[in-house]
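The sequence shown begins at 1 in the working numbering and counts up one residue at a time. The C-beta atom is built at its ideal place from N, Cα and C for all residues, glycine as well. Report on the following structure.
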Amino acid sequence: MLKTVHRYEQTAARLVVEGYPDLSAGQDGDTIGILSAWKLQLVGAPELEGTRDHLEAMMAAVMPYARHQLSGVGGRFGAEQSFVGIEAVNGKHQLQLRSSREGVQPLQLLLDDADLADLVRCLDRLRLDEKVKLQWTFPEDQPLARRELVERIPLQRRLGPAALGGLVLSLSAALALFLPLPPRPGTTNSVDVNETGSRIVNDTK
């Protein structure tokens with residue numbers, strides 16, 4: 001059986017996956033239903049490779065991290081002992097990779113925004129590739145929780161509209177105290193002035 005290779009390339013990243021069709025599922029041709037290997041090359045970094053578990057761990061950490069960054073929500077993604085973790089450090093994105101072999105120190109890579117964007121594009125193209133029939137185990141994309149979006153707004157901005165509304169209401173109430181009341185219906189006051197004098201008429205019904 002011939003091995004199938006799919007490549008996903010961007011300016012700063014190149015992802016290569018290798019595998020075979022799953023004949024038990026009726027797959028053939030250039031379909032990958034069984035992943036045998038993958039390699040990732042990032043600019044300025046050593047070539048990375050690993051098992052399917054490593055690749056899924058990277059997708060599970062990097063994809064939601066990028067989505068949260070676009071929404072202005074920070075945080076670390078990937079458990080401390082996971083194969084892959086990523087977090088923001090000094091304006092960049094620190095990608096930490098753990099080997100499944102004992103005695104190998106974790107590898108840390110610093111990515112800028114362009115590097116991260118290219119990595120996400122490669123992973124996303126793999127995830128959406130109809131020729132790759134793998135049942136990924138990482139969670140599907142979910143909308144950000146309302147609490148996460150609210151917490152990223154500074155307290156001053158969250159309280160500002162409410163405080164401004166209260167101030168406007170107080171000023172409106174204070175101004176209302178100085179406005180004259182309208183005359184009661186049925187009451188007229190008139191003043192007639194002529195050359196010989198004046199006559200004041202009050203007619204109240």
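On the three-state DSSP scale, how would you describe Q69?
-> Reduced to three states, the DSSP call for Q69 is helix.
Specify the secondary structure class of E87 as computed by DSSP and reduced to three states.
-> Correct three-state label for E87: strand.
Which residue or residues does DSSP assign as beta-bridge partners of W38?
-> As computed with DSSP, W38 is found in a beta bridge with V17 and G50.
What is the rounded straight-line gap between the Cα of R98 and the Cα of G44?
-> In this structure, the straight-line span from the alpha carbon of R98 to that of G44 is close to 19 Å.
For T4, three-class secondary structure by DSSP | In the three-state DSSP reduction, T4 falls in the strand class (E or B).
Using a Cβ-Cβ cut-off of 6 Å (strictly less than) and excluding sequence neighbours within five positions of P210, which residues of its own chain qualify?
-> This structure cannot settle anything about residue 210, because the visible part of the chain is limited to 1 through 205.
Three-state secondary structure (DSSP) at L111?
-> L111 falls in the strand class under three-state DSSP.
Whole angstroms is fine: what's the gap from D118's alpha carbon to E102's?
-> Approximately 30 Å, taken between the alpha carbons.
In terms of residues, what are the limits of the beta strand (DSSP E) holding K92?
-> That run of the beta strand (DSSP E) goes K92 to L97.
Ordered along the chain, which non-local residues of its own chain (more than five positions away) have a Cβ less than 7 Å from that of K131?
-> Leaving aside the five residues that flank K131 on each side, the residues in its chain whose CB is nearer than 7 Å to its CB run, in chain order, H6, D30, T31 and I32.
Would DSSP call E9 helix, strand or coil?
-> For E9, the secondary structure class from DSSP, reduced to helix, strand or coil, is strand.
If you draw a straight line from the C-alpha of E9 to the C-alpha of S24, how long is it?
-> Their Cα atoms are separated by approximately 30 Å.
Pairwise C-alpha distance: Y20 and L2 | In a straight line, the C-alpha of L2 is about 7 Å away from that of Y20.
Would you decide whether T11 is buried or exposed? Buried here means 16 or more other CB atoms lie within 10 Å of its CB.
-> Label assigned to T11: exposed.
Reference L110, options V104, V120, L123 and Q96, closest by Cα = Per the Cα distances, Q96.
Could you pull out every residue in the same chain whose Cβ sits closer than 8 Å to the Cβ of Q81, ignoring the five residues on either side in sequence?
-> Within the same chain, Q81 has close Cβ partners R98.
Cα-Cα separation, Q41 to E47 = Looking at the two C-alpha atoms, the distance is approximately 5 Å.
Whole-number beta carbon distance between V84 and A61, since they are thought to touch under 8 Å | About 5 Å separates the beta carbons of A61 and V84, which is inside the 8 Å limit, making them a contact pair.
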